[in-house]
Amino acid sequence: MEEGVSGLKLQVSSVQKPPPPVVGHGNMKLELETRERKPLSPFVRAGSLYLVFVGLLFCVAGGAFALLMWRSFDRASGQRAWAEIQCAILESRVDQRKIGSDVETEYSFAVTYGYSYDGKVFTSERYSLQGAPWSSSKERSQRRVDKFPGGATRSCYVNPEDPSSAVLKLDSKAPGYSLWFPLIFIVGGIGMMIGAVRSDLKMRRSAQQES
């Protein structure tokens with residue numbers, strides 16, 4: 000009887016327990032696959048849209064400045080075809096104005112001259128198409144008065160298509176030689192927009208590959 004009990008104990012002790020389940024890479028992969036896919040961060044998209052907006056503003060501002068400078072250059076170039084004739088300075092003086100009590104007095108050159116073109120007599124008060132500038136320097140305006148004194152004869156330029164339009168000084172073509180400056184803003188704005196779009200597309204592709 001004792002031998003039977005001891006044999007039963009040996010059989011029970013010899014039975015091995017199954018090993019505990021081991022969490023391996025397969026379970027981790029399954030867990031990763033079951034996770035929800037995260038959408039692209041809204042901050043990234045908002046940042047890209049902001050850069051595109053700023054780049055667009057740069058392009059618009061640069062284009063506006065380029066257009067204004069080109070118009071000035073084109074107008075000055077057209078003046079080179081105006082007829083140069085002699086005119087009589089009827090009056091020249093220094094005008095002054097004071098916009099406010101806290102603003103310095105400003106001065107400008109004022110002139111009236113007469114000329115004859117195609118048998119017709121005209122008078123003009125234009126120093127240039129842009130007009131005589133206002134500044135706080137009285138001496139600058141006085142130098143123009145000394146250059147065009149009343150009673151003197153000076154050269155003026157008449158528009159042959161509109162003889163009533165004349166100037167004493169031709170506009171400068173300098174704006175045309177500075178067109179490269181606003182183009183920097185346009186190129187910079189385009190580069191900013193392209194960079195923002197490429198960065199956004201790159202992050203979208205990375206998010207799709209990870210999912």
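Residues in the sequence shown are numbered from 0 upward in steps of one, following numbering that gives the first Met the number 0. The beta carbon of each residue, even a glycine, is placed where N, CA and C say it ideally should be.
inquiry  = Using beta carbons (cut-off 9 Å, strictly below), is Gln85 in contact with chain D?
reply    = No chain D appears in the structure shown, which is made up of a single protein chain.
key: Inter-residue spacing [alpha-carbon to alpha-carbon] between Met191 and Leu67   = 24 Å
ask   = Does the region 56-66 come close enough to the region 107-118 that 3 or more CB-CB pairs lie under 8 Å?
value = no
ask   = Given Arg197, which residues of its chain have a CB within under 6 Å of its CB, disregarding the five upstream and five downstream residues?
value = none
ask   = Where does Gly3 fall in DSSP's three states?
value = Here the model assigns Gly3 a pLDDT of 49, short of 50, so the residue's position is not dependable, and the following value carries that caveat. Reduced to three states, the DSSP call for Gly3 is helix.
query = Which same chain residues, not among the five before or five after Arg125, have their C-beta less than 7 Å away from its C-beta?
reply = Ala165, Val166
ask   = If you count every other CB in all the chains shown that lies within 10 Å of the CB of Gly54, and 16 or more means buried, which is it?
value = buried
ask   = Taking one C-beta from the region 83-101 and one from the region 149-163 each time, how about it: are there three or more such pairs within less than 8 Å?
value = yes
ask   = What are the boundary residues of the alpha helix (DSSP H) that Lys137 is part of?
value = Note, Lys137: alpha helix (DSSP H), 137-146.
inquiry  = Out of Arg203, Lys201, Leu200, Gly187, which one is the CA nearest neighbour of Phe52?
reply    = The option with the nearest alpha carbon to Phe52 is Gly187.
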